[in-house]
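Asks:
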Amino acid sequence: MSPNWRIAQPYCLALGPQNNSPEPIWYIGCKVLEGTDKIFYSQIHFDINYPDLSRWTKTIPNGPRACHVVFGPGLSFFACAQGYGSIWAGVPGDLTDKVQKAYDTPTQVSLGVNNAWFVMWADGYYAWKFYGNYSGLDQILTTAEPRTVSFLAISPYNKEHYFVAFKDRTVKYNFIGAAEWMPQMQEVFSEWQAEIMARQGYQQPWGQQPMNPQQWNAYPPTPNTLGQPSPGLIPVSPQSPYANPLTPPYSPYNQYAPPPGQGYPGLYGPPPSMQRSSSTEVR
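Going letter by letter, the sequence shown gives residues -18 to 264 in the numbering used here.
1. So what does DSSP say about L34, is it helix, strand or coil?
2. Mind checking W(-14): buried by the 16 CB within 10 Å criterion, or exposed?
3. D18 by DSSP, collapsed to three states: which one?
4. Hey, how far is the Cα of Q243 from the Cα of W69?
5. When you compare the CB positions of R46 and D18, do they come within less than 9 Å of one another, or not?
6. Jot down the residue ranges of each uninterrupted alpha helix (DSSP H) in the segment 44 to 71, minimum 4 residues, whole runs only, in chain order.
7. What separation, rounded to the nearest whole angstrom, lies between the Cα atoms of E4 and Y22?
8. Whole angstroms is fine: what's the gap from N114's alpha carbon to P(-16)'s?
9. A125 to R36, Cα distance in whole Å?
10. Looking at the secondary structure, which residues open and close the beta strand (DSSP E) in which Q89 lies?
11. If you drop the 5 nearest sequence neighbours on each side, which residues of the same chain put their C-beta closer than 8 Å to that of A62?
12. Short check: CB of K110 to CB of W102, under 9 Å?
13. Figure out for me which residue from F156, R150 and T123 has the closest Cα to the Cα of F170.
14. At the level of alpha carbons, what is the spacing between A53 and S91?
15. Identify, in the order they occur along the chain, each residue of the same chain with its Cβ nearer than 6 Å to the Cβ of Q(-1), setting aside the five sequence neighbours on each side.
16. Whole angstroms is fine: what's the gap from R180's alpha carbon to T123's?
17. Locate the alpha helix (DSSP H) running through A175, then write down its first and last residues.
18. Could you check how far apart the C-beta atoms of V275 and K140 are, in whole angstroms? I think they sit under 8 Å.
19. Helix, strand or coil for S131? Go by DSSP, reduced to three states.
20. State the beta-bridge partners of N155 as determined by DSSP.
21. Which word fits G158, buried or exposed, when buried means at least 16 other C-beta atoms lie within 10 angstroms of its C-beta?
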């Protein structure tokens, strides 16, 4: 395989269900060996099953790095890019309500079984609602210190499978992957632990093992028009293509499309600034 097609560093990897396709759908934003950033995905079937998502990812400048994509049960999905908003379809209404009322665009979303979801923002705040699923993870998040999660994924196929990584490089998970994965995973977890202990100058006590560890702009602005906000200023957000951000959205491809949750993407400009709660979701 040529360097143009070999992945050197993945930025986003999303695995979708097998719906009307010969194999499960997949999406990868990555850097290839030749040094350029590219987006790879299932040929033909990604465009057919997720046409709005496919079009949206192509409109985002620096899309391979900027876009965070996640698939959920059925044909549901959520994608976001800092400075360019979000697009989604078939996701729970309480998740979209949380996103629309938030101050800025999420950095990460995870979709699980029975309408379970998790969302996190750039400032480290996160919220979730599992509806009785992922009981072990629910307890972990409830007792965790605020803003300590760096990555989280819940399975859209099993109500108890999850993976969560914290900013101190500790990880917790509940799943059994392929046998050939586990040694590689354990090696990475051990490297994380060694790195954080070396950084803190911490010596492992003798005899102990290390822990194993819709807000969418139809016409995204050019890269030079958006940047990181200055300290103390309101973050730059894309302007809503709608006069009233509270008006139910309609797809630019079908002006009579139903609202989110009925199979079509929700397209939203940035909502008004509102206070956001931290860490936990009232359940």
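Where is the CB? At the ideal position from N, CA and C, for every residue including glycine.
Replies: On the basis of the supplied data:
1. If you number the sequence shown from 1, residue 34 lands on position 53. Helix, per DSSP.
2. For the purposes of this step, residue -14 is taken as the residue at position 5 of the sequence shown. W(-14) comes out exposed.
3. Walking along the sequence shown from the start, residue 18 turns up at place 37. In the structure shown, D18 sits in a strand (DSSP, three-state: E or B).
4. Taking the sequence shown and counting its residues from 1, the one referred to as residue 243 is at position 262. Taking the sequence shown and counting its residues from 1, the one referred to as residue 69 is at position 88. Summary for Q243: the model assigns pLDDT 43, below 50, so the residue's position carries little reliability, and this model does not support an answer.
5. Mapped onto the sequence shown, residue 46 falls at position 65. Mapped onto the sequence shown, residue 18 falls at position 37. Yes; because the gap between Cβ atoms is below 9 Å, this pair is in contact.
6. The qualifying runs are 44 to 47.
7. In the sequence shown, residue 4 corresponds to position 23, counting from 1. In the sequence shown, residue 22 corresponds to position 41, counting from 1. In a straight line, the C-alpha of E4 is about 12 Å away from that of Y22.
8. The residue you call residue 114 lines up with position 133 of the sequence shown. The residue you call residue -16 lines up with position 3 of the sequence shown. If you draw a straight line from the Cα of N114 to the Cα of P(-16), it is about 42 Å long.
9. Translated into positions along the sequence shown, residue 125 becomes position 144. Translated into positions along the sequence shown, residue 36 becomes position 55. Approximately 38 Å, taken between the alpha carbons.
10. By 1-based counting over the sequence shown, the position of residue 89 is 108. Its beta strand (DSSP E) spans residues P87 to L92.
11. What you label residue 62 is simply residue 81 of the sequence shown in a count that begins at 1. If we look at A62 and ignore the five residues flanking it on each side, its Cβ neighbours are I41, G44, A47, C48, H49 and T86.
12. Translated into the one-based positions of the sequence shown, residue 110 becomes position 129. Translated into the one-based positions of the sequence shown, residue 102 becomes position 121. Cβ atoms of K110 and W102: not closer than 9 Å.
13. Position 189 of the sequence shown, counting from 1, holds the residue named residue 170. Taking the Cα of F170 as reference, the smallest distance to any Cα among F156, R150 and T123 is reached at R150.
14. Your numbering for residue 53 matches position 72 in the sequence shown. Your numbering for residue 91 matches position 110 in the sequence shown. Just to set this straight, residue 53 is Gly in the shown sequence, not Ala. Those two C-alpha atoms are separated by around 8 Å.
15. On the sequence shown, position 18 is the one that residue -1 refers to. These residues qualify, in order along the chain: P5.
16. As a working mapping, residue 180 is identified with position 199 in the sequence shown. As a working mapping, residue 123 is identified with position 142 in the sequence shown. Annotation: R180 to T123 spans about 28 Å, alpha carbon to alpha carbon.
17. By 1-based counting over the sequence shown, the position of residue 175 is 194. Looking at the DSSP string, the run of the alpha helix (DSSP H) that includes A175 is W162 to Q181.
18. Residue numbering for the chain in the displayed model covers -18 to 264; residue 275 lies beyond these limits and cannot be assessed.
19. Here the question's residue 131 lines up with position 150 in the sequence shown. If DSSP states are grouped into helix, strand and coil, S131 belongs with the strands.
20. As a first step, residue 155 is located in the sequence shown; it is residue number 174 there, counting from the start. Note: N155 sits in a beta bridge opposite Y143.
21. Numbered from its first residue, the sequence shown carries residue 158 at position 177. By the neighbour-count rule (16 or more Cβ atoms within 10 Å), G158 is not buried but exposed.
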